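The structure appears below as structure tokens.
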Amino acid sequence: MSKLKELRTPVFWVEGHPGLLDRDGWEVEVTGLCENPKTFYWHDLLSMPRTIADARLTSVTRFSVRGKWGGVRVADILEAVGMLDTAKYIRFWSTRKVYDTSIPVDIATRERTLLAYEFDGEYLEEDYGGPVRAFVPYLWGYKSAKSIVRIELMDHYIPGFWEQRGYSDDARIEAGKVRDMNQGGRIRPIPDGEVIRFLDE
2 MSKLKELRTP VFWVEGHPGL LDRDGWEVEV TGLCENPKTF YWHDLLSMPR
52 TIADARLTSV TRFSVRGKWG GVRVADILEA VGMLDTAKYI RFWSTRKVYD
102 TSIPVDIATR ERTLLAYEFD GEYLEEDYGG PVRAFVPYLW GYKSAKSIVR
152 IELMDHYIPG FWEQRGYSDD ARIEAGKVRD MNQGGRIRPI PDGEVIRFLD
202 E
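Position in the sequence shown counted from 1, then plus 1, gives you the working numbering.
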């Protein structure tokens with residue numbers, strides 16, 4: 002059983018669970034405003050510098066789970082394709098291209114924004130966005146799109162799946178209470194912004 006399952010982290014696929022996916026054959030296409038559009042294969046991602054982010058994924062549905070998320074910095078992906086100065090946003094597309102969401106380049110290039118493929122040393126399973134998902138700890142979880150197949154570099158913002166349905170475009174984490182899955186779902190207060198600590202600590 003994976004660590005995320007052990008923690009009883011909720012499984013949520015608004016577009017429907019994709020079932021088993023081909024990890025070894027996984028591809029992430031990077032297109033748009035860049036000098037060298039490229040497809041990154043699974044083995045390409047594993048061969049790139051690996052970053053571990055000890056951080057939380059915090060959902061707008063009010064749960065938060067912490068662990069060591071491992072993968073490739075999105076900044077390294079953007080550097081590899083030669084992102085143009087005109088690129089201001091990047092758009093993530095999930096498998097089957099039903100789900101999409103966009104984030105500003107300045108957030109995409111932060112240290113802990115990843116194309117994540119592992120959690121606490123285990124490859125991510127499909128329930129939790131494997132083989133490769135976005136991990137953006139600075140924003141609500143709907144910006145951390147699951148099972149990424151495409152990244153598009155753009156000069157303007159395009160509202161994604163949830164943003165078109167009323168969710169905020171900036172996805173700033175708001176103060177309130179969340180279920181801390183690392184503490185058995187205990188209800189705990191959080192401040193605005195990335196959940197680095199709880200207010201009851």
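For every residue, glycine included, the Cβ atom is placed at its ideal position computed from N, Cα and C.
As the structure is a prediction and not an experimental result, all values here were calculated from the model.
When the beta-carbon positions are compared, R134 and S148 come within less than 8 angstroms of each other. When C-alpha distances from L22 are compared across L115, V150 and V73, the shortest belongs to V150. If you compare the alpha carbons of A109, V106, R92 and V29 with that of P160, the shortest gap goes to R92.
G194 and E153 have their C-alpha atoms roughly 26 angstroms apart.
Considering only W14, G20, E7 and L34, the residue with the shortest C-alpha distance to H157 is L34.
I188 and K4 have their C-alpha atoms spaced approximately 20 angstroms apart. In the three-state reduction of the DSSP assignment, T40 falls in the strand class.
I108: member of the alpha helix (DSSP H) spanning V106 to A109, first to last residue.
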